[in-house]
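**Q** One rule links them: number in our numbering = place in the sequence shown (from 1) + 1. Glycine is no exception: its CB is placed at the ideal position from the N, C-alpha and C atoms. Submitted below is the structure of interest, expressed as structure tokens.
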Amino acid sequence: MIAIPHYISPQDYLDIEHQNPIRHEYRRGLVYAIAGGTDNHDRLALNLLTLINLHLGDSECRFHSGNVKVNYQDEFYYYPDAFVTCDPRDRDDRYIKRYPNLIVEVLSPSTQVFDLGEKFDDYRQIESLKEYVLIFQESQRVECRRRTSANTWETVIYGSGDRVSLKSIDLEFAIAQLYRGLDG
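Here it is, written out as structure tokens:
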């Protein structure tokens with residue numbers, strides 16, 4: 002991530018973002034342009050969103066792709082690759098959601114360290130968040146971080162041949178379904 006090197010207020014960021022065709026994320030006063038992803042990144046996100054869409058059906062929960070922001074106070078505005086919110090308060094704003102229960106990031110070499118560390122630290126401030134899922138591109142590996150009843154986080158790692166369980170939305174699927182159609 003490369004930041005524009007001067008402080009921008011959250012409101013200025015939102016004003017600029019509504020008028021800009023290039024997406025940017027915001028973190029504590031700094032704005033970061035979002036780079037394009039690979040075809041495998043796109044395929045993984047699409048496969049997951051398809052599984053979620055078919056599973057949720059006509060439920061009260063809504064899933065979103067990387068075109069809608071997740072926000073926590075004025076700390077950050079991120080575009081997760083996928084997320085689900087079941088909170089009716091998230092229906093009031095078409096651009097920003099504040100109460101996700103599941104957030105998914107497909108890891109890229111340029112963002113992997115941030116997604117595994119600081120971004121997770123930011124996301125876990127969201128009280129409604131139950132699961133943070135990281136999908137690796139280079140191998141069949143899914144890391145699922147779950148909030149426990151004691152408000153700590155446990156990590157479950159799924160690999161080739163496993164069935165992935167997203168407990169926050171009661172969805173289980175073969176990891177092979179997620180990685181279907183990827184190119185070498």
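My output table needs one value for H7: the three-state DSSP class, helix, strand or coil.
**A** The residue you call residue 7 lines up with position 6 of the sequence shown. Coil, per DSSP.
**Q** Do R147 and E132 have their beta-carbon atoms positioned less than 7 Å apart in this structure?
**A** Against the sequence shown, residue 132 aligns to sequence position 131. Against the sequence shown, residue 147 aligns to sequence position 146. Result yes, Cβ atoms of E132 and R147 sit closer than 7 Å.
**Q** For C145, which residues does DSSP report across the bridge?
**A** By 1-based counting over the sequence shown, the position of residue 145 is 144. For C145, which the question treats as bridged, DSSP gives the partners V134, V157.
**Q** Would you mind working out which of K168, D171, R164, L172 sits nearest Y180, comparing C-alpha positions?
**A** Within the sequence shown, residue 180 is the residue found at index 179, counting from 1. Among K168, D171, R164, L172, the Cα nearest to that of Y180 is on R164.
**Q** With 7 Å set as the bound, which would you pick, yes or no: does the beta-carbon of D59 sit closer than that to a beta-carbon of chain D?
**A** No chain D is part of this structure, which consists of one protein chain only.
**Q** Taking all protein chains shown into account, decide if E152 is buried (16 or more other Cβ within 10 angstroms of its Cβ) or exposed.
**A** As a position in the sequence shown, residue 152 is number 151, starting the count at 1. Position check: residue 152 holds Asn in this sequence, whereas Glu was assumed. Classification for N152: exposed.
**Q** Just the C-alpha distance for L45 and F174, rounded to the nearest angstrom, thanks.
**A** Counting from 1 along the sequence shown, the entry for residue 45 is found at position 44. Counting from 1 along the sequence shown, the entry for residue 174 is found at position 173. Approximately 14 Å, taken between the alpha carbons.
**Q** If contact is defined by three or more beta carbon pairs under 8 Å, each pair taking one atom from either stretch, is the stretch 86-96 in contact with the stretch 110-120?
**A** The stretch 110-120 is not in contact with the stretch 86-96.
**Q** With a cut-off of 8 Å on the beta carbons, I'd call L103 and F137 a contact; round off their distance for me.
**A** As a working mapping, residue 103 is identified with position 102 in the sequence shown. As a working mapping, residue 137 is identified with position 136 in the sequence shown. Not a contact, Cβ separation roughly 18 Å.
**Q** Starting from V32 and walking both ways along the beta strand (DSSP E), at which residues does that stretch end?
**A** Translated into the one-based positions of the sequence shown, residue 32 becomes position 31. Start and end: 31-34.
**Q** Only counting runs of 3 or more residues, tell me where the beta strand (DSSP E) segments fall wholly within the stretch 33-108, in order along the chain.
**A** 63-66, 70-73, 77-79, 83-86, 101-107, all fully within the stretch 33-108.
**Q** Once you ignore the five residues that flank I5 on each side, which residues in its own chain have a CB closer than 6 Å to its CB?
**A** Locating residue 5 in the sequence shown gives position 4, counting from the first residue. The predicted model places I5 with a pLDDT of 49, which falls under 50 and marks its position as unreliable; any figure quoted below should be read in that light. Cβ neighbours of I5 beyond the five flanking positions: V32.
**Q** Just to confirm my understanding: we take S166, look at its own chain, exclude 5 residues before and 5 after, and list those with CB closer than 6 Å. What are they?
**A** Counting from 1 along the sequence shown, the entry for residue 166 is found at position 165. Excluding positions up to five away in sequence, the list reads E173.
**Q** Suppose contacts are defined by Cβ-Cβ distances below 7 Å. Is S161 in contact with Q178 by that definition?
**A** Along the sequence shown, read from residue 1 onward, the residue named residue 161 stands at position 160. Along the sequence shown, read from residue 1 onward, the residue named residue 178 stands at position 177. No. Outside cutoff.
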